[in-house]
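*Asks:*
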Amino acid sequence: MNPSSNFWEDRVKKALVLFVALVFGLASTGRAENSVRKKAHSTKAKVAAGKAPLRLVKTILLPDIEGDFDHFGIDLKGNRLFLTAEDHHSVEVFNLKSNTRIHSIGGLDEPHNVRYLPDRNKLVVVDGGAGEVKFLKGDSYKPIDSAKLLEGADSAVFDPASGYLYVAAGGKDANLDYSNLSLTDTNGDKHLGDIRIESPILEAMALEKSGPRMFVSDTAHSQVLIIDREKRAVVTKWPVTGSQNNVTVALDEPNHRLFLVTRTPPQFVVMDSENGKQITSLPAVTGADDMFFDAARKRIYVTAREGHIMVYEQKDPDTYSLLAKVPGSVGGKTSLFVPELNRLYVAVCKAGGSKKGSKVAKVDIFEVQ
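Quick note, my numbering runs 23 ahead of the 1-based positions in the sequence shown.
#1: Measuring CB to CB, does residue 374 end up less than 8 Å from residue 381?
#2: Under a three-way DSSP split, which group does residue 373 fall into?
#3: May I ask which residues mark the beginning and end of the beta strand (DSSP E) holding residue 337?
#4: Determine the DSSP secondary structure at residue 96, reduced to helix, strand or coil.
#5: Is residue 111 helix, strand or coil when you go by DSSP?
#6: Consult DSSP for residue 242 and reduce its assignment to one of helix, strand or coil.
#7: Using three-state DSSP, classify residue 49 as helix, strand or coil.
#8: Tell me whether residue 87 sits in a helix, a strand or coil according to DSSP, three-state version.
#9: Going by beta-carbon coordinates alone, are residue 124 and residue 83 separated by less than 8 Å?
#10: Could you work out which residue in 185, 184 and 189 is closest to residue 176 when comparing CA atoms only?
#11: Looking only at its own chain, which residues have a Cβ that is under 6 Å from the Cβ of residue 221, when we skip the five neighbours before and after it?
#12: Looking at residue 356: is its Cβ nearer than 8 Å to the Cβ of residue 326?
#13: Taking only the alpha-carbon atoms, compute the straight-line gap between residue 194 and residue 74 and give it to the nearest angstrom.
#14: For residue 180, report the span of its beta strand (DSSP E) as first-last.
#15: Would you mind working out which of 169, 198 and 149 sits nearest residue 181, comparing C-alpha positions?
#16: Assign residue 307 to one of three DSSP states: helix, strand, or coil.
#17: For residue 196, which of helix, strand or coil comes out of DSSP?
#18: On a Cα-Cα basis, can you pick out the residue from 144, 353 and 152 that is closest to residue 166?
#19: Is it the case that the Cβ atoms of residue 386 and residue 368 are separated by a distance below 8 Å?
#20: Please determine if the stretch 307-314 and the stretch 262-281 are in contact, where contact requires at least 3 C-beta pairs separated by less than 8 Å.
#21: Here's the rule: buried if 16 or more other CB atoms are within 10 angstroms of the residue's CB, otherwise exposed. What is residue 137?
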């Protein structure tokens with residue numbers, strides 16, 4: 024055999040071996056890179072899911088309750104949560120540690136608001152059908168006294184500095200074209216007086232701590248009323264532009280921002296709380312009824328009858344974005360954010376007839392994360 028021929032055959036074989044190895048090596052590298060990319064994508068998805076602002080951790084079923092709920096109250100020290108069941112004519116009481124219902128306070132007409140006063144061990148209930156603020160013992164729930172207001176008593180806000188409870192009463196629910204903002208002294212359990220408001224529908228209210236102003240949603244006229252609590256008078260009115268029927272309200276006092284949610288169309292609105300200038304707005308959810316500002320996380324939570332919970336992020340006092348649209352339950356319009364517990368409690372009414380929604384009334388408990 025020719026030595027030169029053997030030499031070239033060996034060189035060709037080695038080249039073929041190297042080529043095959045290179046091809047398989049590149050294929051393996053490609054598979055490895057694809058695997059890494061898939062793992063990275065999966066990790067990102069898991070991280071994104073892990074960063075959801077709200078996580079459902081518990082549901083308390085209330086199979087015996089029909090009709091709407093209204094607002095919550097809380098007793099942090101005593102580990103109790105209170106919920107007004109307006110159509111059930113009761114206030115439901117829950118244990119915050121066991122997340123179970125422990126009592127039902129009956130004998131009410133149409134309760135809309137409830138507040139526990141720990142320094143007096145007293146429960147204060149706004150009973151709209153009776154047109155009263157009722158005072159109950161905080162341990163036995165037995166009646167102490169009541170203060171008579173107009174029928175239709177509903178929205179309320181408490182001033183811890185004075186001990187006054189401000190209650191919107193009268194209006195449309197009392198077949199009146201005006202409402203009273205009634206002052207009730209929770210120390211003496213009595214009605215002190217009224218501020219007459221020329222509006223048949225007043226909704227949520229917010230108090231500033233650094234001054235005497237109170238912000239009231241005048242839903243009927245799509246405006247915000249600014250009331251001086253010392254003068255007991257409306258001092259100015261701010262129109263809401265671009266949308267109507269403002270219902271909820273929350274205050275970021277250090278940054279001078281007032282948050283509203285309107286229903287027609289559903290909009291999240293940010294105002295300057297010093298002058299009423301409208302800063303910005305974003306789409307909201309249908310049927311909003313409660314809203315809370317989470318100062319620590321710079322978020323705003325909005326719950327609505329539609330079933331989604333809107334979570335907005337405050338990037339700075341003038342810049343906001345929708346952080347998440349968290350799936351909830353249809354009928355979950357009223358809620359309570361408890362920053363001390365990192366919890367958002369949402370009351371969900373039972374869907375009537377063929378309507379979409381929960382087949383049983385319940386309280387959904389979300390962890391804020």
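For glycine and all other residues, C-beta sits at the position ideal for the given N, C-alpha and C.
*Replies:* So, from the listed chains and residues:
#1: Taking 8 Å as the Cβ cut-off, residue 374 and residue 381 qualify as a contacting pair.
#2: In this structure, residue 373 counts as coil in the three-state DSSP scheme.
#3: Following the DSSP letters along the chain, one finds residue 337 inside the beta strand (DSSP E) bounded by residues 331-339.
#4: Residue 96: strand per DSSP, three-state reduction.
#5: Correct three-state label for residue 111: coil.
#6: Helix.
#7: With a pLDDT of 36 at residue 49, under the threshold of 50, the modelled position of this residue cannot be trusted; read the value that follows with caution. Note: residue 49 maps to helix in three-state DSSP.
#8: Look at residue 87 here: in three-state DSSP terms it is coil, with no helix or strand label.
#9: Contact flag set, yes.
#10: Residue 176 has its Cα closest to that of 189, out of 185, 184 and 189.
#11: Within the same chain, residue 221 has close Cβ partners 201.
#12: For the pair residue 356 and residue 326, the CB atoms are nearer than the 8 Å cut-off.
#13: Distance from the CA atom of residue 194 to the CA atom of residue 74, rounded to whole angstroms, is 44 Å.
#14: Under the DSSP assignment, residue 180 falls in the beta strand (DSSP E) whose first and last residues are 179-182.
#15: Per the C-alpha coordinates, the member of 169, 198 and 149 positioned closest to residue 181 is 149.
#16: Correct three-state label for residue 307: coil.
#17: For residue 196, the three-state secondary structure derived from DSSP is helix.
#18: Looking at the Cα atoms, 144 is the closest of the given residues.
#19: Their beta carbons are under 8 Å apart, which means residue 386 touches residue 368 by this criterion.
#20: They touch, by the three-pair rule.
#21: By the neighbour-count definition (other C-beta atoms within 10 Å, threshold 16), residue 137 is a buried residue.
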